[in-house]
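A.B. asks: In our numbering, the protein residues as written are 52 to 770.
Note that CB positions come from ideal geometry on N, CA and C, so glycine has one too.
The structure displayed is predicted, hence computed values, not measured ones.
Before anything else, here's the structure in question.
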């Protein structure tokens with residue numbers, strides 16, 4: 052525990068010594084050396100800290116030596132027996148050899164068997180009359196008890212009773228790699244745990260320790276790696292003990308402290324303080340044929356408050372599919388323009404940018420406000436006129452794609468940057484647009500519902516506006532699971548709807564045949580569907596097409612020239628096609644729930660009743676069926692996202708281990724939400740009380756924060 056009263060120099064030295072010890076290369080740990088260090092490196096264990104955090108994923112219960120007669124089949128156990136016979140046994144006509152050792156303990160006999168073994172060593176080791184401790188799973192073979200490849204220790208190797216007892220109790224099991232045994236990992240940790248009490252210091256403030264009643268870190272590591280018999284952690288799932296939770300809380304606390312620190316730093320910067328002018332926004336609201344939802348009103352009020360303050364806005368607008376984010380975004384841009392400023396929106400595709408342009412132009416018709424579109428397809432004369440308009444500082448709105456990042460795109464008076472579908476842009480791209488002005492307000496939008504734990508982790512330094520209500524007039528989408536035997540009915544249903552004048556999507560998870568997965572792909576299905584629906588125009592869209600080809604297909608579909616679109620998930624974020632009312636997702640069990648929800652959001656955008664069919668087969672697991680039933684039962688994107696996170700875990704939820712998500716070594720964003728919230732509250736309270744971490748009890752926090760998260764916090768921020 053860190054003492055209460057030390058001067059700054061002593062505290063700094065304590066922390067520096069501790070961090071230096073944690074960073075010590077593993078090869079210098081007693082009993083490791085260069086060879087074993089290379090094996091540990093395969094597990095990404097390079098130093099003492101990495102090894103401490105290499106926690107057991109389960110424990111073997113060796114607390115009791117069982118009589119052979121009472122050792123239950125199908126369970127792991129410890130027995131102690133005397134060798135009655137040992138040697139090689141030939142199996143079958145092919146003459147395969149195995150090694151067998153028959154042991155007895157007075158209550159019965161047990162045969163230990165090895166199919167792979169060092170022959171000479173085994174022949175010398177297992178002598179008749181020698182006594183051994185065996186650990187393994189007991190099973191029956193021809194009515195006789197056996198253990199296959201048990202862990203074996205000769206009794207004569209124990210120095211004393213204490214040494215013998217170390218091989219009993221709750222034995223940790225670690226993930227490992229070829230050539231590195233459990234015993235070698237345990238031996239390395241034994242050496243590290245001997246050094247640890249003198250080198251590892253407490254860094255959490257005393258107030259947090261007392262509030263959470265947390266043990267110190269040295270005790271936590273000891274009790275996780277070497278639990279007492281009375282600890283009785285869950286044998287198969289041990290990560291919920293008090294000692295695990297303490298380490299998880301510390302991990303979350305330093306992340307949240309870093310995010311809060313960065314957020315606090317951004318709040319002292321001075322940006323553009325807009326005045327709350329209402330004329331253009333009121334004129335727009337009077338034109339709309341519908342009323343704003345409560346969520347839209349709340350988001351507009353939050354954004355207005357931010358933009359009228361002197362600090363730069365850094366806000367995430369998160370709304371479910373079709374919740375009306377575009378209108379909220381336009382209201383923010385109008386506030387900038389009415390203050391004599393410029394606003395720019397960057398979208399990930401030309402189609403999406405063009406859709407925004409069409410909507411904005413329609414809503415602002417007759418206002419006289421300049422709205423311009425800038426993409427790779429913009430004609431040279433139009434581009435030149437647009438660049439001149441914004442270089443001159445004329446109050447206006449500019450919508451575009453990555454084309455906004457080009458060097459000759461300059462703003463004289465940019466005060467608001469909006470980034471649509473922000474997860475489709477890299478950090479540098481987002482920064483590139485922000486750097487075209489000095490500390491502009493930043494609004495990023497996403498239609499991907501993000502569970503609370505992920506939002507706190509990825510966007511903990513941002514202000515968050517949530518929109519969960521749907522605009523009036525939206526009809527609920529009817530979702531049904533369909534099995535392969537009902538395909539003829541589905542095809543007839545599609546035919547009926549298309550003849551009524553509607554349009555349909557067929558979505559597939561792959562673009563080419565895979566030998567590994569029994570899936571139809573879009574390419575083969577396209578040819579088949581063209582024959583089935585020969586009376587309609589059927590076209591295909593997939594990720595390997597050129598952007599110009601994709602956009603041409605989507606424009607034809609939006610114009611009604613194409614009735615059925617066969618596609619891969621490239622339509623997940625696309626333009627509005629109000630006439631598209633039917634979505635068929637093939638092999639739906641292969642998609643994540645949040646992805647299915649995004650796909651489903653492509654229909655139900657007009658006045659007609661819409662349908663989503665989740666096509667699957669009988670080969671799916673019960674878990675896959677449960678996931679699809681969640682989709683069938685719920686239209687709430689946030690509820691679906693929470694379920695998806697539980698099922699797939701954070702990395703898979705975001706897709707391909709999306710950058711920005713920290714690697715937690717102990718904490719879980721699925722099961723430790725209470726710790727994450729407690730850590731966030733604690734971090735915010737400390738910075739409110741001590742913004743510069745100058746109080747004696749907080750001085751230790753800054754060097755530890757830099758050690759843990761230096762260079763990694765920037766990934767999650769907007770820019």
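My understanding is that residue 186 touches residue 202, with C-beta atoms under 8 angstroms, so please give their C-beta distance in whole angstroms.
C.D. replies: Looking up residue 186 in the chain shown gives position 135. Looking up residue 202 in the chain shown gives position 151. Residue 186 to residue 202, Cβ: 5 angstroms. Contact.
A.B. asks: Are the Cβ atoms of residue 383 and residue 718 separated by less than 8 angstroms?
C.D. replies: Walking along the chain shown from the start, residue 383 turns up at place 332. Walking along the chain shown from the start, residue 718 turns up at place 667. No, they are not a contact pair.
A.B. asks: Taking the alpha-carbon positions, what's the residue 592 to residue 369 distance?
C.D. replies: In the chain shown, residue 592 corresponds to position 541, counting from 1. In the chain shown, residue 369 corresponds to position 318, counting from 1. Cα to Cα, the separation comes out at about 28 angstroms.
A.B. asks: Looking at residue 245 and residue 107, is the spacing between their C-beta atoms short of 8 angstroms?
C.D. replies: Here residue 107 is taken as the residue at index 56 of the chain shown, counted from 1. Here residue 245 is taken as the residue at index 194 of the chain shown, counted from 1. For residue 107 and residue 245, no; Cβs fall outside 8 angstroms.
A.B. asks: Please go through the same chain and pick out, in chain order, the residues whose beta-carbon is closer than 7 angstroms to the beta-carbon of residue 297, but skip the five residues on each side of it.
C.D. replies: Against the chain shown, residue 297 aligns to sequence position 246. Here the set comprises 265, 266 and 271.
A.B. asks: Check the DSSP bridge columns for residue 132 and list the partner residues they point to.
C.D. replies: Against the chain shown, residue 132 aligns to sequence position 81. Answer is 183, bridged to residue 132.
A.B. asks: Taking only runs of the alpha helix (DSSP H) that begin and end inside the stretch 608-662, which ones reach a length of at least 4 residues, in chain order?
C.D. replies: Given a length threshold of 4 residues, each whole run of the alpha helix (DSSP H) inside the stretch 608-662 is given here in chain order: 644-651.
A.B. asks: By the 10 Å Cβ neighbour count, where 16 or more other Cβ atoms means buried, how is residue 279 classified, buried or exposed?
C.D. replies: Along the chain shown, one-based indexing puts residue 279 at 228. So residue 279 counts as exposed.
A.B. asks: Does residue 566 come out as helix, strand or coil in the three-state DSSP assignment?
C.D. replies: By one-based count along the chain shown, residue 566 stands at place 515. Residue confidence is low: residue 566 scores 39 on pLDDT, short of 50, so the model does not pin down where it sits. Its coordinate-derived value is still stated next. In this structure, residue 566 counts as coil in the three-state DSSP scheme.
A.B. asks: Below 8 angstroms on the Cβ atoms is my guess for residue 67 versus residue 98; work out the distance and round it to an integer in Å.
C.D. replies: In the chain shown, residue 67 corresponds to position 16, counting from 1. In the chain shown, residue 98 corresponds to position 47, counting from 1. That pair is no contact at about 15 angstroms.
A.B. asks: Which runs of the beta strand (DSSP E) spanning at least 3 residues fall entirely within the stretch 505-529, listed in chain order?
C.D. replies: 514-518
A.B. asks: Answer yes or no: do residue 633 and residue 540 have a C-beta to C-beta separation smaller than 8 angstroms?
C.D. replies: Numbered from its first residue, the chain shown carries residue 633 at position 582. Numbered from its first residue, the chain shown carries residue 540 at position 489. No, they are not a contact pair.
A.B. asks: When you compare only the Cα positions, how much space is there between residue 344 and residue 332?
C.D. replies: Counted from its first residue, the chain shown places residue 344 at position 293. Counted from its first residue, the chain shown places residue 332 at position 281. So the alpha carbons of these two residues sit roughly 16 angstroms apart.
A.B. asks: Go to residue 205, then tell me how far its beta strand (DSSP E) extends in each direction, as first and last residue.
C.D. replies: Within the chain shown, numbered from 1, the residue matching residue 205 stands at position 154. Residue 205 -> beta strand (DSSP E) spans 202-205.
A.B. asks: Taking the C-alpha atoms as reference points, what is the distance between residue 454 and residue 444?
C.D. replies: Residue 454 sits at position 403 when you count from the first residue of the chain shown. Residue 444 sits at position 393 when you count from the first residue of the chain shown. The straight-line gap from Cα to Cα measures roughly 19 angstroms.
A.B. asks: For the alpha helix (DSSP H) that residue 306 lies in, which residues bound it at each end?
C.D. replies: Here the question's residue 306 lines up with position 255 in the chain shown. Residues 293-318.
A.B. asks: Quick one: what's got a C-beta closer than 6 angstroms to residue 177's C-beta in the same chain, skipping five residues either side?
C.D. replies: On the chain shown, position 126 is the one that residue 177 refers to. Excluding residues within five positions, the ones whose Cβ falls inside 6 angstroms are 134, 137 and 152.
A.B. asks: In angstroms with no decimal places, state the Cα-to-Cα distance between residue 12 and residue 686.
C.D. replies: In the structure displayed, the chain extends from 52 to 770; residue 12 sits before or after that span and is not available.
A.B. asks: Please give me, in chain order, every unbroken run of the alpha helix (DSSP H) with length at least 4 that falls completely inside the stretch 337-399.
C.D. replies: 345-358 and 376-389
A.B. asks: With a CB to CB cut of under 7 angstroms and the five nearest residues on each side skipped, what residues in its chain are close to residue 694?
C.D. replies: Locating residue 694 in the chain shown gives position 643, where the first residue counts as 1. Closer than 7 angstroms at Cβ, skipping near neighbours: 644 and 681.
A.B. asks: Quick one: what's residue 554 bridged to in DSSP?
C.D. replies: Indexing the chain shown from 1 puts residue 554 at position 503. Paired residue(s): 631.
A.B. asks: If you count every other CB in all the chains shown that lies within 10 Å of the CB of residue 71, and 16 or more means buried, which is it?
C.D. replies: Locating residue 71 in the chain shown gives position 20, counting from the first residue. Under this definition residue 71 is an exposed residue.
A.B. asks: Assign residue 31 to buried or exposed, taking buried as 16 or more other Cβ atoms, counted over all protein chains shown, within 10 Å of its Cβ.
C.D. replies: As shown, the chain starts at 52 and ends at 770. That puts residue 31 outside it, with no answer to give.
A.B. asks: Under a three-way DSSP split, which group does residue 709 fall into?
C.D. replies: Counted from its first residue, the chain shown places residue 709 at position 658. Since pLDDT at residue 709 reaches only 45, below the 50 mark, its modelled position is unreliable, and no value is offered.
A.B. asks: List the residues that DSSP assigns as beta-bridge partners of residue 222.
C.D. replies: In the chain shown, the residue the question calls residue 222 occupies position 171. 111, per the DSSP bridge assignment.
A.B. asks: Terminal residues of the continuous beta strand (DSSP E) containing residue 419?
C.D. replies: By 1-based counting over the chain shown, the position of residue 419 is 368. Careful: residue 419 lies outside any beta strand (DSSP E) and carries neither H nor E.
A.B. asks: Does residue 139 come out as helix, strand or coil in the three-state DSSP assignment?
C.D. replies: Counted from its first residue, the chain shown places residue 139 at position 88. If DSSP states are grouped into helix, strand and coil, residue 139 belongs with the strands.
A.B. asks: Please classify residue 601: is it buried, with 16 or more other beta-carbons within 10 angstroms of its beta-carbon, or exposed?
C.D. replies: Residue 601 sits at position 550 when you count from the first residue of the chain shown. By the C-beta density criterion, residue 601 is buried, having at least 16 other C-beta atoms within 10 angstroms.
A.B. asks: In the DSSP assignment, the alpha helix (DSSP H) including residue 269 goes from what residue to what residue?
C.D. replies: For the purposes of this step, residue 269 is identified with residue 218 of the chain shown, where counting begins at 1. First-last of the alpha helix (DSSP H) with residue 269: 268-276.
A.B. asks: From 514, 618, 188 and 691, pick the residue whose C-alpha is nearest to that of residue 352; which is it?
C.D. replies: On the chain shown, position 301 is the one that residue 352 refers to. Across the set 514, 618, 188 and 691, the C-alpha of 514 shows the shortest separation from the C-alpha of residue 352.
A.B. asks: Answer yes or no: the CB of residue 558 versus the heavy atoms of the ligand NAD, is any distance below 7 angstroms?
C.D. replies: The ligand NAD is not part of the structure shown, which contains no ligands of any sort.
A.B. asks: Per DSSP, what are the beta-bridge partners of residue 197 in this structure?
C.D. replies: Numbered from 1 along the chain shown, position 146 holds the residue referred to as residue 197. Partner residues in the beta bridge of residue 197, as assigned by DSSP, are 162 and 190.
A.B. asks: Please confirm whether residue 490 and residue 320 have their CB atoms less than 8 angstroms apart.
C.D. replies: Residue 490 sits at position 439 when you count from the first residue of the chain shown. Residue 320 sits at position 269 when you count from the first residue of the chain shown. Against a cut-off of 8 angstroms, the Cβ pair of residue 320 and residue 490 comes out as a contact.
A.B. asks: Pick helix, strand or coil for residue 100, following the three-state DSSP scheme.
C.D. replies: Here residue 100 refers to the residue found at position 49 when the chain shown is read from its first residue. Of the three classes helix, strand and coil, the one that applies to residue 100 here is helix, per DSSP.
A.B. asks: So the alpha helix (DSSP H) residue 441 belongs to, where does it begin and stop?
C.D. replies: Position 390 of the chain shown, counting from 1, holds the residue named residue 441. Residues 431-442.
A.B. asks: Is it the case that the Cβ atoms of residue 162 and residue 193 are separated by a distance below 8 angstroms?
C.D. replies: Indexing the chain shown from 1 puts residue 162 at position 111. Indexing the chain shown from 1 puts residue 193 at position 142. In this structure, residue 193 does not lie closer than 8 angstroms to residue 162 by Cβ.
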